[in-house]
Each structure stands twice: as structure tokens, then as C-alpha cells.
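Chains as they are written, first to last, in the numbering used here: chain P, 1 to 189; chain C, 190 to 378; chain D, 379 to 567; chain B, 568 to 756.
Built from N, CA and C at the ideal position, the CB exists for glycine as well.
It should be emphasised that the depicted structure is a prediction, and the values quoted were computed from it without experimental measurement.
Take a look at the structure below.
There are 4 protein chains.
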Amino acid sequence: MEDKKQLITQSAIKVFQEKGIEKATVSEIVKGAGVAQGTFYLYFPSKLSVMPSIAEVLVNVSIDRLIEKVDHDQPFSIQLEQIIETIFSITEQYRDILALIYAGLASTEHLQEWETIYEPYYERVASILEEAVENKEIKRDTNPAQTATLLIGLIESAADQSYLYDFQNDDKIEQKKKDVYKFSISALI
Amino acid sequence: MEDKKQLITQSAIKVFQEKGIEKATVSEIVKGAGVAQGTFYLYFPSKLSVMPSIAEVLVNVSIDRLIEKVDHDQPFSIQLEQIIETIFSITEQYRDILALIYAGLASTEHLQEWETIYEPYYERVASILEEAVENKEIKRDTNPAQTATLLIGLIESAADQSYLYDFQNDDKIEQKKKDVYKFSISALI
Amino acid sequence: MEDKKQLITQSAIKVFQEKGIEKATVSEIVKGAGVAQGTFYLYFPSKLSVMPSIAEVLVNVSIDRLIEKVDHDQPFSIQLEQIIETIFSITEQYRDILALIYAGLASTEHLQEWETIYEPYYERVASILEEAVENKEIKRDTNPAQTATLLIGLIESAADQSYLYDFQNDDKIEQKKKDVYKFSISALI
Amino acid sequence: MEDKKQLITQSAIKVFQEKGIEKATVSEIVKGAGVAQGTFYLYFPSKLSVMPSIAEVLVNVSIDRLIEKVDHDQPFSIQLEQIIETIFSITEQYRDILALIYAGLASTEHLQEWETIYEPYYERVASILEEAVENKEIKRDTNPAQTATLLIGLIESAADQSYLYDFQNDDKIEQKKKDVYKFSISALI
DNA sequence: AATGAATGAGTATTCATTCAT
DNA sequence: TATGAATGAATACTCATTCAT
């Protein structure tokens, strides 16, 4: 049943988040999922092979958040703020695990999958940019797909820098959001 | 002797690069360094504690490359191209290990060090921006330090996306460099 | 149906032969037999309990070969040659699995069965000896049953030595057959 | 130190003998040897790779026993009795483990070693036969080396049959020794 | 400082066996 | 009878770390 695969993936997210890639144990993952040790290997050939499944979940979460938080009826500048807000909040919640996926996937052969998995996320942002071009809110020569990847990369790296250190205070983070907003709005208009 | 610490760090870079964080073993690192097993622990308290040393090496390499490749006498637009070129080339060479450092550091308690280590790298780019402000080549209200982190993040994430997949061809990569150039120059001017 | 028991036994022979006792898995045996995992346990209480079934098959094959290859109408010396030929050919084909049965049975509680299973094989050879005694072709005081076990042991161990190493060439093997013939004929006449 | 290798081999003999090949655990072997788990793998690359070491020990024991028990000053017939006695006693003590070595080696790549290891044992018996030829106690055309392997195979297989079943009583075993003596003396003279 | 043999805790993975269907 | 998903006990093997020399 696909059900168990989901249970395992969910539990793996939690465990990887709490323990990191090396300290995370399959036995803890299955305990959290409420299935037997062997069941894990019915769905995943190895400990690291859950990674693409986890990535998929995170991408879906990200897309859902974008849909939920970004209001198409607002002008682009507001939408950009909302995108930044959303990516910062996702990064805050999942940054440890995003790093792990990144490192984990980089060390396996799942790279091809990775591209496929992330595609819809980039597309979501691209379509927002496309609409802004049509509405003449941003440069007419903006390539939505290209720009979306740059924009996401920019915001994510800014968010990473913000949340990397626990002792970062809220003011600094808000400042960072403003910086990245100014930088990107300036790039786009 | 400080010499052996260097040997170990260099060997560690190679081994981490080849094997990834999980498969890398202290025994292979010391073999590569030509020292005994115990010697490792004379210089590093644990396996993961080489990470900051590795990061330091990479930062120094990066700074050296920037100094070497970026020509202060050129106009800022040329210097920006050179910065992009440099960061792309560093990423190409070290992206696996950068991911590992990132994941490795994120899962340890070396975060404080991390900030200190990376500081000079950001500063290097900041000083280039500062000069450009003084020369009125970019917006006068640009905050060099803030903008440097954003700019580096933007370029690095673009480079990551470019080199993540082996099958990326050179044309796509050159295109990516142009995209990131256009995006950032537009943000800065 | 007795049919499936046969399928499983046949598949087990193949798998044990290919993988050895430790690497052989029930899952591969059932795959080869085209039945489900659970079906195995409908016919055999445990993995090792196929062993007597396998032994039975091999004994039957051996007896059939003896019947087919040894010609009662020939003088004993010819029959002895034929016996040697037959045992060598059986050993060549099944020596790995014979060793496994031996080791496998030795480590279980199926020993009693083992004796019963092998009995008809010994008897077959004993009856050949008996006839030779009656025909005064070999020593009159030969005890057929006793001598049969010795003779079979002698020939089997010679064959084992011959086929243990892949690199044994045919000449050496033919020589071994002659040696064992000379040795045994001398013992019997 | 070669010392620990010996300790491990000795302990392995005991554990394999008591538990059989599948139930024997490395952890029990090292416990018996009084060394740590990891130490095992300092001397042997895998569980099964102790087998050649065990075989070597057994061959040495066998040779020592032959030297001790077979009296060169006695006539050959007496020496043959002593050889039979010796091989039976070795088989009684080690038959389980001999089967295991046999199966174990058959499933590994140590076959070449096996031949080398056993050589001195065959040679020991061959030299006894050689002397008997010289003393004209047995057939002048006896090839000592060839005959030694046959003779050992014959006696070992007889001994195996004797000790295979726990319920064999001493009378039967003594009878078997006599049978094999009669058979072989008749073959040799 | 340097060594490297020894340690032993730790865990991914396997697979015989069960049992609800 | 037959299935095959699920189980979970069992274990070989690894490797970071220590410490006597």
C-alpha cells in the first residue's frame, strides 16, 4: 500500500530533521512510522533512497504554500513580497533537511529525478512572472522560466544566510527580507 | 608541525570529494596524508571537525581567485563578469564539497566558526562594490556589505543549478552566466 | 499437490548449487519454482528441511544411472569400470550439492532419514557384488553390503579429489579412474 | 601479533564445531578468543575466511598424530592398522568441522590454498607406503603418492560412515576398522 | 609528536517465517 | 491450498576513537 510509503517518508523527514543525516537511523524512522524494520526495505532499497521522496513532499508543500500565500489579484510588487515571505518561512522550517537532501542527493544517482521533482516549483514562480510581464508590471524582455530560477536561488540563499545562525534576531531577518526585495525588484523592473 | 594539519586537510578534501560524507573514512584520509591513524586526532578532535579547516582552505582559494581574476582597473560591469566567471569556476570545481561542508557544518556546532571563516570572502566582494559606488558606477544607495551577500548567493545558486547535472552542456552554462549577469547588473544599476 | 513439492525441490537443487548453503534464500527458491513465498512452508517446515528431499532426488538419480550404465551381463571387471564411470559422472555433476547436503544434514536432525534414503543406493552396488561372488569372480568371503559401502566411499572420495579443482584436466581424471580401478580390483579379487 | 590469529582460529574451531556453519557467530568466536569484534577483521576479511586457517590446524594435528601413532619400526601391516586407527580417531574428533571446511572451502575461492594445505598430510602417508615398497611388504608397482590419496580417501569415508550416526556402537566401529583394514591390505599386497 | 594495533559500540540490511486474505 | 505483504530477530561488518609504546 502506498500508504506505508507515505508514513515512512513523513517519519524520515522528522528524524532526519532532528538527527541529521549520519545520526538518523532506519530503526528510528520505522518506529516513528509504526511499521517493522523490514517494511522500510519493501519500499526503499536503502536508507538514503528516501531522499527523493522527501524532496517531493517538500516541493509539494512549497507549491501549496505559494498557492495559498501569493494573491494573484495583488500587484506584482505585493506578490513578490509574498513570495519572499513564503520562501523565507519554508526555509526556516526545513533548512536543515534541505541541506541534507542536497548533500544526500548529490551523493547518489538520483539527480535526474531531482530535476523532475523540482520542476513544478520553478514553474509556479515562472507563471507569476509571466503574468507580471503580461500586465507590464516588470520588464517586457524578462524570460519567466530563466528568471524564476534566479529569483528563487537569490531568495533561498538569502533565507539560508538568515536562518543559518540560531542567534539571528527577527530584526535582522526582516531587514534581510527587505534587502532581497529591493535587490530583486530593482532587477526586475 | 602545522605541516601535517595541512596534509590532513588536503587529503580530507580529496576523500570527501570522492566518497561523500558518509563513505569518507578517517583511515582513508590519513592514508592519503601519509600519516598514522592516531595522528589525525592530534590535530582534530573528531572526523567532522576537519570541516572548518576545509572551509577555510576553500575560502582562501576563492579569495585568491577573486584577487587574481578581477581587475580593479576595469569598469564595474567587466569586474562583475569576472566575479561571475570566478564563482562559477570555483563552484564547478568544489560544488560537491561545498554541499558537504554546508550539510556537515549544519549538523555540528561549528556554526560560529563558519561565519568568521566566510567573512573575508564577503568582504572582498563588498569592497569591489564599495569602489563601484564611489565611482558612481552603481546605485549610490547600495549597501556594499548587504549587497555582497545577496550577489554572492545569487551567483552561487545559479552556478549550483548549472553544475548539478553532469549532462549540462557548455552552451547552457554560458547562457546561465549571461542571465545572472543581466539580472544582477539590472539590480545594481 | 505433490507436484509443487517437486518444483520446489528442483528449484532448491539449482539454487543451492549456484549460491551455496549460506547465500541460498527461500525467496529465490520459490521464485525459481514459480510459487509464492508462503507455499514453501506448506511443504517444508524450514529452509534446511528440503535437504532430505534433495538427497532423495540425488539418490534416485544415482540408482537410475547405475541401472542404466552397469550391464549385468558383462563380467564383473567391466561392471566395476562402469560403476566407477557412473560415480565419477554423478560427482562431477553434483559435487557441490553433495557437500552441502552432507554439511546441511550433519547440522540438523535429519540424520536418521539420511540413512534410510541412502540405503537403496548402497544396496544396488551390494547386489552387483553379491552376484560377482556367486559367479566366483571376486573373493568368496566378500561381504557384499560391507564391501559396497567401502567401495562407494573409495570411488566417491577419488572423484571428489578429481573434481575439487576446476583446473584438473581430463587426463588426470582418467588416470584417477584407472588408479581407483586397479586399487579396488586388487582389493576384491 | 600472529598470536591473536591463532587464538581466533582456535576459538573458531570450537564454535564451528559446536554450532555449525550457519549458527556460528563472529561475536561468539571473538568472545572465545578474548579479543574484540574488530580484531577479528584485522586478521580475517570475513567470517568464512578463517576456514583455511582451520584446515591448516587440522592438517597439522593429523600429521602430528600420524607421527606419534605410527611406528616405523613395525611391519607395514601394523602401521596400516595404526594409520586406520589414527584417521578414525581424527575423524571422530573433527568430523563435523571437516564437513564444514569442505563445504566452506568449496563455496569460496580458497581452493588453491586447500591443495597446498593438504599436501603434507598426503605426503606423510605416501612416505610410509614408499618405505613399505622398499621393504617389499607391498606390491612393487605401488605408486606411493597416488595410492596414499586413495587410501586416505577410503579410510576417511569409512570413518565418516562410522561416526555419522551418534547411535553407532563401538562394536560396529571396530568392525568397520577391520573391514577397511582387510579391504586395503588386500588392495596393497 | 607520532604510531597503528586494538577496541567495541553501533546499524544497515537480510531473510526465514507468519498470517490475514 | 495458495498467496505475498509484513514482520522483526539476528549479525556481519565498519570505523571513529583510544592508548601503550
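Start-to-end residues for the alpha helix (DSSP H) that takes in residue i
i          : result
Gly-227(C) : 226–232
Ile-567(D) : Premise fails: Ile-567(D) is in no alpha helix (DSSP H) and is neither H nor E.
Val-16(P)  : It is worth fixing the name first, because residue 16(P) is Phe in this sequence and not Val. 2–23 is the extent of the alpha helix (DSSP H) around Phe-16(P).
Asn-438(D) : 429–447
Thr-614(B) : What sits at residue 614(B) in the sequence shown is Lys, not Thr. Taken as a continuous stretch (DSSP letters only), Lys-614(B) belongs to no alpha helix (DSSP H), as it is neither H nor E.
Gly-410(D) : 404–411
Amino acids of chain B, ordered along the chain, whose beta-carbon sits closer than 8 Å to that of residue i
i          : result
Ala-565(D) : Phe-750, Ser-751, Ser-753 and Ala-754
Within chain P, the residues that residue i reaches when beta carbons sit closer than 7 Å
i          : result
Thr-305(C) : Near Thr-305(C) there are no residues of chain P at all, since even the closest Cβ is about 11 Å away, more than 7 Å.
Leu-269(C) : What Leu-269(C) touches in chain P: nothing, since even the nearest Cβ is about 13 Å away.
Tyr-232(C) : Residues of chain P passing the Cβ test: none, with the nearest at roughly 21 Å.
C-beta neighbour in chain P for residue i, strict 8 Å
i          : result
Ser-251(C) : no
Ala-315(C) : no
C-alpha gap between residue i and residue j, whole angstroms
i          : j          : result
Ile-83(P)  : Tyr-122(P) : 12 Å
Thr-11(P)  : Glu-257(C) : A quick correction: the sequence has Ser, not Thr, at residue 11(P). Looking at the two C-alpha atoms, the distance is approximately 48 Å.
Glu-320(C) : Asp-260(C) : 12 Å
Ile-596(B) : Glu-569(B) : 17 Å
Lys-614(B) : Lys-572(B) : 13 Å
Ile-740(B) : Lys-212(C) : 57 Å
Arg-65(P)  : Ile-78(P)  : 16 Å
Arg-95(P)  : Thr-116(P) : 21 Å
Thr-714(B) : Ala-666(B) : 23 Å
Lys-554(D) : Ser-753(B) : 19 Å
Glu-281(C) : Ala-348(C) : 8 Å
Lys-325(C) : Lys-203(C) : 43 Å
Asp-557(D) : Val-437(D) : 25 Å
Leu-532(D) : Leu-717(B) : 7 Å
Val-314(C) : Ser-251(C) : 11 Å
Val-224(C) : Ile-378(C) : 53 Å
Glu-623(B) : Trp-681(B) : 9 Å
Ile-138(P) : Gln-74(P)  : 14 Å
Gln-395(D) : Phe-734(B) : 31 Å
Lys-749(B) : Arg-518(D) : 14 Å
Ala-411(D) : Ile-243(C) : 55 Å
Thr-9(P)   : Ile-575(B) : 43 Å
Asn-736(B) : Pro-45(P)  : 54 Å
Ile-346(D) : Tyr-730(B) : Residue 346(D) lies beyond the range of chain D shown here (379 to 567); nothing can be said about it.
Thr-592(B) : Ile-668(B) : 16 Å
Glu-652(B) : Ile-695(B) : 15 Å
Lys-397(D) : Lys-220(C) : 36 Å
Leu-609(B) : Ser-616(B) : 12 Å
Within chain B, the residues that residue i reaches when beta carbons sit closer than 7 Å
i          : result
Gly-531(D) : Leu-721, Ser-724, Ala-725 and Gln-728
Residue-chain proximity (residue i, chain B), Cβ-Cβ < 8 Å
i          : result
Val-558(D) : yes
Ser-417(D) : The question names Ser, yet the displayed sequence has Thr at residue 417(D). No, Thr-417(D) lies away from the interface with chain B (no Cβ there is under 8 Å from its Cβ).
Leu-507(D) : no
Thr-527(D) : yes
Beta carbon proximity, residue i to chain C, threshold 8 Å
i          : result
Gln-146(P) : yes
9 Å Cβ cut-off: residues of chain B touching residue i
i          : result
Ala-444(D) : Reading off the sequence, residue 444(D) comes out as Leu, not Ala. In chain order: nothing, as chain B lies at least about 18 Å away.
Contact set between residue i and chain P, taken where Cβ atoms lie within less than 9 Å
i          : result
Tyr-283(C) : Result: empty, since nearest Cβ-Cβ is about 12 Å, beyond 9 Å.
Neighbour list for residue i in chain D, Cβ cutoff strictly below 7 Å
i          : result
Leu-667(B) : Ala-481
Ignoring anything shorter than 4 residues or poking outside the stretch 76–164 of chain P, list the alpha helix (DSSP H) runs there in chain order.
Here the runs fully enclosed are 76–106, 111–134 and 144–163.
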